[in-house]
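**Q** Have a look at the structure that comes next, please.
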Amino acid sequence: MIDYISALPGADALPGFPRRLCILGSTGSIGESALAVAADHPEEISVLALAGGRNVERLAAQAARFRPRFLAVLEEAGAWRLRSMLPSGYAPEILTGPEAYVTLATLEDADVVLSAIVGAAGLPPTLAAAEAGKVVALANKESLVLAGHLIRRACRKSGAVILPVDSEHNALFQSLAGHDGQDVDHLILTASGGPFRDWPAADIPKATAAQALKHPNWSMGAKISIDSATLMNKGLEVIEACQLYGLPQERVTVLVHPQSIVHSLAAYCDGSLLAQMGQPDMRIAIAYCLCYPRRLPLKLEPLDLASLGTLSFSHPRTKDFPCLDLARRAAGAGPGHCVTLNAANEVAVELFLKDRIGFADIARAVSWALDRHPGLDDPDFMTILEVDRATRSDVATYLTGTS
Ligand code: NAD
Ligand code: MG
């Protein structure tokens, strides 16, 4: 039985057009793709607020182009630099610090909030948007991994709507629409398999960050590219699917599909598999969420199945890529373990990106952290932040000897 995380109101109860958009993480890969959609569709999307992190130059260029009323950056010094880079006659309100993202996520005038910050930093503004009853286009999968149970409760209370941007979950959302959730047997997430999909097992631990960053099909930020290489991304996505659709992890399976054309499938009790297919381009899922339930014409190469010829599927190599099973273990153990899984992974990925640890150390650190976790059934927001903080410190010490 599918029990979706939020209510899904009909078109008449959703905001009209143009929808006023707030993008959290606008300078990232998802943020830039969203702005590309907005640039081509001014009648459907108007940009109200843009929040970047530390890339002030890119944010300034975006702000000059879209002239939003609100901007946010992580640091005070960045705000000064940002203001000096803006065109004369344009004076938006500029906010700073982690609380700025919460303020923008709950702006009275925001019709849709695109949550596209990377990592656990995305949780506070995402939860705040859900509590404020917003339509949330959710790319930041980590917030569901950390606190899906809190986001679900917030949506039920406030009437907020969650629309999944992650391509697999967006595909499931489309494949489940209009069907009875009782008829669903299980969900199938597809995975490209990442850049090391066909490597001999003995070579995988020697993989470098530079090699891991070269994803075969998708162009993405650094953290999710490493997660794709370890298959932790698929593990986080199993948890994300469980949180979105209210299913146990056993009912979310994974198939490796190197072409990344079938973005995921819903398996029904009569044996039917319904899938969504498309080019591996995040603009499809982003546009669908921003204008839901309308579809926008996008300037994409048409998908030519005849020239593709073959679509192939296989089981993931879980022994050689242990992160997928580690995520399943956390999902089975409960929400507290998922916080530990995510925090350990974020720390390890950061160290791997700096070439300070090896590829196999990522799974080793996550497994070590899960072994030590005390177990918490229903952690509240403050407990989640505390487990996140403590795990980061412990894992950094474990991997480097310093925290
Ligand atoms: P990215 O690294 O390209 O961009 C991240 C954005 O977050 C940037 O704007 C950065 O400035 C901002 N940011 C980073 N740390 C921050 C902090 N502490 N506080 C505030 N802002 C901060 O990442 P991305 O690839 O765009 O991914 C964003 C999210 O979307 C991730 O959760 C990822 O898992 C998810 N996602 C991405 C893709 C993709 O194709 N890139 C696909 C599916 C889901
Ligand atoms: Mg995905």
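All residue numbers for the sequence shown refer to our numbering, where the first residue is 10 and numbers rise by one. Even glycine gets a Cβ: it sits at the ideal position worked out from N, Cα and C. Keep in mind the model is a prediction, meaning the values are calculated, not measured.
Report whether the distance from the Cβ of residue 1 to the nearest heavy atom of ligand 2 is below 7 Å.
**A** Beyond the ends of the chain as shown, which are 10 and 412, falls residue 1; an answer cannot be given.
**Q** Residues in its own chain within less than 7 Å of residue 333 by CB, not counting five upstream and five downstream?
**A** Cβ contact annotation for residue 333 (same chain, cutoff 7 Å, sequence separation greater than five): 240, 243, 244, 263, 325 and 327, in chain order.
**Q** My assumption, with CB atoms under 8 Å, is that residue 319 sits in contact with residue 396. Please give the rounded CB distance.
**A** Under the criterion of beta carbons closer than 8 Å, residue 319 and residue 396 do not qualify as touching, at roughly 45 Å.
**Q** My guess is that residue 172 and residue 253 are in contact by the Cβ rule of under 8 Å, so how many angstroms apart are they, rounded?
**A** About 10 Å; that fails the 8 Å criterion.
**Q** Could you tell me if the beta carbon of residue 290 falls within a distance shorter than 7 Å of some heavy atom in ligand 2?
**A** no
**Q** Measure the alpha-carbon distance for residue 222 versus residue 269 and round it to whole angstroms.
**A** Distance between the alpha carbons of residue 222 and residue 269: 17 Å.
**Q** To test your reading of the DSSP string, which unbroken alpha helix (DSSP H) runs of 4 or more residues are found completely within the stretch 89 to 126?
**A** 107 to 114
**Q** Leaving out five residues before and five after residue 407 in sequence, what residues of the same chain have Cβ atoms less than 7 Å from its Cβ?
**A** 374 and 377
**Q** If I follow the unbroken beta strand (DSSP E) through residue 278, where does it start and stop?
**A** First-last for residue 278: undefined, no H or E at that position.
**Q** Can you name the start and end residues of the beta strand (DSSP E) that residue 55 belongs to?
**A** 54 to 60
**Q** Should residue 63 be counted as a contact of ligand 1 given a C-beta to heavy atom distance under 7 Å?
**A** yes
**Q** I need the boundaries of the beta strand (DSSP E) containing residue 285, first residue and last residue.
**A** 282 to 286
**Q** Name, in chain order, the residues that DSSP records as bridge partners for residue 45.
**A** The partner list for residue 45 (beta bridge, DSSP) is empty, contrary to what the question assumes.
**Q** Curious, which full-length beta strand (DSSP E) runs of at least 3 residues does the stretch 373 to 397 contain?
**A** none
**Q** Helix, strand or coil: which one does DSSP assign to residue 197?
**A** strand
**Q** Does the Cβ of residue 234 lie closer than 7 Å to at least one heavy atom of ligand 2?
**A** no
**Q** Given a threshold of 16 other Cβ atoms within 10 Å of its Cβ, counted over all protein chains shown, does residue 219 qualify as buried or as exposed?
**A** exposed
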